[in-house]
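In our numbering, the protein residues as written are 3 to 369.
Below: the structure, in structure tokens.
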Amino acid sequence: MADDAALYAFARRFFEARRSVIREAGDAHLVVELSREADEALRYRPFYWSYVTSLGLSPTPLVRTYRFPGLRPTATPPALSMHEEVLTFGAPRLRRMLEAAVAFGRLSRAFEVPEEENRPPEAGSEAVPGGAHSPRGVLVPWLLLSFTVAYTAALRWERLVTYGVRLTDLALDEAFHARLAGRRLGPNPPPDRPILTPLFRFSAAVEKATAHLRARLQAEDRSWADAWIREGEAEKAKIARYYDALLRRSGDGAAPRRRRNRREGPARGSAPEPSARDERAARNGEPPEGPSGAVPKTPGATSRGQGADDPLAFRTALSEEKKRRLAEIDWAHTPAIDVTLEQAALLYLLDDGTRPAPAGGPPADEA
Numbered sequence: 003m004a005d006d007a008a009l010y011a012f013a014r015r016f017f018e019a020r021r022s023v024i025r026e027a028g029d030a031h032l033v034v035e036l037s038r039e040a041d042e043a044l045r046y047r048p049f050y051w052s053y054v055t056s057l058g059l060s061p062t063p064l065v066r067t068y069r070f071p072g073l074r075p076t077a078t079p080p081a082l083s084m085h086e087e088v089l090t091f092g093a094p095r096l097r098r099m100l101e102a103a104v105a106f107g108r109l110s111r112a113f114e115v116p117e118e119e120n121r122p123p124e125a126g127s128e129a130v131p132g133g134a135h136s137p138r139g140v141l142v143p144w145l146l147l148s149f150t151v152a153y154t155a156a157l158r159w160e161r162l163v164t165y166g167v168r169l170t171d172l173a174l175d176e177a178f179h180a181r182l183a184g185r186r187l188g189p190n191p192p193p194d195r196p197i198l199t200p201l202f203r204f205s206a207a208v209e210k211a212t213a214h215l216r217a218r219l220q221a222e223d224r225s226w227a228d229a230w231i232r233e234g235e236a237e238k239a240k241i242a243r244y245y246d247a248l249l250r251r252s253g254d255g256a257a258p259r260r261r262r263n264r265r266e267g268p269a270r271g272s273a274p275e276p277s278a279r280d281e282r283a284a285r286n287g288e289p290p291e292g293p294s295g296a297v298p299k300t301p302g303a304t305s306r307g308q309g310a311d312d313p314l315a316f317r318t319a320l321s322e323e324k325k326r327r328l329a330e331i332d333w334a335h336t337p338a339i340d341v342t343l344e345q346a347a348l349l350y351l352l353d354d355g356t357r358p359a360p361a362g363g364p365p366a367d368e369a
């Protein structure tokens with residue numbers, strides 16, 4: 003009976019954590035309107051959500067009834083329906099719920115293991131009220147958040163940023179690793195130690211940390227990004243000069259020559275790739291030349307030299323090729339900063355009397 007009650011509690015917490023709506027919660031059943039997150043995790047409609055997203059349709063939520071046969075209902079349960087399942091240990095749907103919980107679960111919990119309370123303080127020092135040597139020391143909840151900040155330009159480099167947010171007043175500690183130094187953590191709460199209840203939700207602590215990290219990133223030196231953008235602008239100017247020279251030559255009335263003695267010609271409408279000689283000429287403001295010093299031949303001529311190409315199609319192909327290459331340079335030379343939350347942990351630490359480190363400095367007791 004206790005195991006069945008634990009199964010019921012787990013299922014309810016699972017759906018609430020996935021932002022599903024509990025329409026009805028009986029003693030031995032749950033009527034749940036599944037959120038998209040829960041629907042996808044439990045694989046009810048594997049192709050439905052991709053179909054809805056691609057067509058921009060309004061989704062229809064799925065409502066399911068879950069029965070727990072190991073529990074005895076105190077009231078008459080609702081009538082059986084086709085949209086219901088039985089959740090028991092070993093059921094395939096329960097296995098999927100456990101797999102989804104493991105996949106979504108990124109929060110670990112640990113408690114500080116206090117030192118021996120009977121050990122006297124060192125000579126010449128006084129015990130800190132509420133500290134590690136005091137039996138009155140309380141365990142304070144902290145949320146540890148580790149972010150990976152990735153910078154992308156000509157190269158990509160990453161750094162790890164760790165903050166601690168106290169859940170009793172949302173105080174943020176930038177030097178949280180220093181606060182953890184020398185502390186021993188364990189999975190179980192120590193006996194005879196009061197534990198403070200968090201006064202703020204995890205979402206508020208995450209929002210506080212992300213806002214602080216965003217402000218930090220905005221205040222950083224952006225010279226690396228500006229240099230990468232300038233390099234892209236120089237590359238775009240070089241490519242633009244090359245194609246503009248080709249377009250000027252084709253607009254001066256230079257008749258495109260037929261290709262002779264060639265087994266295959268380029269596809270009709272495709273633009274030629276710039277050669278090193280042409281790019282040097284474009285940088286010097288000179289018109290480009292072909293392999294033999296002539297104007298580049300119009301692509302798309304027939305292999306037997308029967309007829310010439312349309313000059314308008316040639317210019318259109320050059321313009322489209324120019325746009326494509328400029329867009330590629332824009333994409334490649336756009337700097338980016340990506341932030342990913344790597345780990346979160348709920349830590350209960352003994353209150354040692356130190357205050358969180360102020361922004362940009364050491365902890366207050368070390369200043």
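By construction, the Cβ of each residue, glycine as well, lies at the ideal position given by its N, Cα and C atoms.
Treat the numbers as computed from the prediction; the structure is a model and nothing was measured.
Sequence-distant residues of the same chain with beta carbon closer than 7 angstroms to residue i, five excluded per side
| i | result |
| --- | --- |
| Ser22 | Val34, Glu35, Leu36, Ser37, Ala40 |
| Val115 | Arg186, Leu187, Gly188, Pro192 |
| Arg327 | Ile241 |
| Phe16 | Met99, Ala103 |
| Phe204 | Leu145 |
| Leu215 | Phe149, Val163, Val341 |
| Ser63 | The sequence given here places Pro at residue 63; Ser does not occur at that position. So the qualifying residues of the chain are Glu35, Leu36. |
| Lys325 | none |
Closest by C-alpha distance to residue i, when choosing among the options
| i | options | result |
| --- | --- | --- |
| Thr164 | Ala27, Ala329, Arg98, His179 | His179 |
| Ala93 | Ser83, Pro200, Arg69, Arg74 | Arg69 |
| Asp340 | Tyr153, Pro63, Ala206, Met99 | Tyr153 |
| Trp230 | Ala112, Ala30, Arg158 | Arg158 |
| Leu89 | Tyr50, Ala43, Ala30 | Ala30 |
| Leu172 | Phe202, Arg181, Thr336, Asp5 | Phe202 |
| Ala11 | Ala315, Met99, Glu176, Glu330 | Met99 |
| Tyr350 | Asp223, Arg181, Ala103 | Arg181 |
| Ile331 | Leu343, Pro313, Arg317, Glu233 | Glu233 |
| Glu235 | His335, Arg95, Asp312 | His335 |
| Asp5 | Ala77, Glu87, Arg45, Phe91 | Phe91 |
| Leu96 | Glu237, Ser225, Arg14, Leu57 | Arg14 |
| Thr76 | Gly28, Ser52, Glu237 | Gly28 |
Counterpart residues of residue i in DSSP-defined beta bridges
| i | result |
| --- | --- |
| Glu330 | DSSP output for Glu330 lists no bridge partner at all. |
| Trp144 | Arg168, Leu349 |
| Glu114 | Leu187 |
| Ala338 | Thr154 |
| Leu162 | Thr150 |
| Asp175 | Gly166 |
| Val23 | Glu35 |
| Ile231 | According to DSSP, which records beta bridges pairwise, Ile231 is partnered with nothing at all. |
| Leu343 | Phe149 |
| Ile241 | Answer by DSSP bridge pairing: none, since Ile241 is not bridged. |
Residues near residue i by beta carbon distance below 6 angstroms, same chain, minus five either side
| i | result |
| --- | --- |
| Gln345 | Ser148 |
| Arg20 | Ser37, Glu39, Ala40 |
| Gln308 | Confidence is the limiting factor: at Gln308 the pLDDT is only 37, short of 50, which leaves the residue's position unreliable, though a coordinate-based value still follows. Excluding sequence neighbours, Gln308 sits near nothing in its chain. |
| Ala43 | Ala102 |
| Ala269 | At Ala269, the pLDDT of 48 sits below 50, so the modelled position is not reliable; the number obtained from the coordinates is stated separately. No residues qualify anywhere along the chain. |
| Glu160 | Thr150, Ala152 |
| Gly333 | Correcting the residue identity first, residue 333 is Trp in this sequence and not Gly. Closer than 6 angstroms at Cβ, skipping near neighbours: no residue. |
Close Cβ partners of residue i (< 8 angstroms) along its chain, the five nearest in sequence each way excluded
| i | result |
| --- | --- |
| Ala7 | Leu73 |
| Val65 | Arg25, Val33, Val34, Glu35, Leu36, His85 |
| Leu320 | Tyr245, Leu248, Leu249, Ser252, Ala273 |
| Ala347 | Leu109, Ser110, Arg111, Ala112, Leu145, Leu146 |
| Ala207 | Leu145, Leu147, Val167, Leu169, Leu172 |
| Trp226 | Tyr153, Ala155, Pro337 |
| Glu237 | Ile331, His335 |
Buried/exposed call for residue i, threshold 16 Cβ in 10 Å
| i | result |
| --- | --- |
| Ala155 | buried |
| Asp353 | buried |
| Val167 | buried |
| Ile197 | exposed |
| Ala221 | exposed |
| Asp194 | exposed |
| Leu141 | buried |
| Leu169 | buried |
| Glu323 | buried |
| Gly184 | exposed |
| Pro143 | buried |
| Thr67 | buried |
| Leu59 | exposed |
| Ala338 | exposed |
| Thr318 | exposed |
| Phe49 | exposed |
| Glu176 | buried |
| Leu343 | exposed |
| Leu174 | buried |
Min CB distance residue i to chain B below 8 angstroms
| i | result |
| --- | --- |
| His85 | Included in the structure is just one protein chain, with no chain B present. |
Let me know the alpha helix (DSSP H) ranges lying completely inside the segment 25-93, each 4 residues or longer, listed in chain order.
Unbroken alpha helix (DSSP H) runs of no fewer than 4 residues, entirely contained in the segment 25-93, are found at 38-44, 50-57, following chain order.
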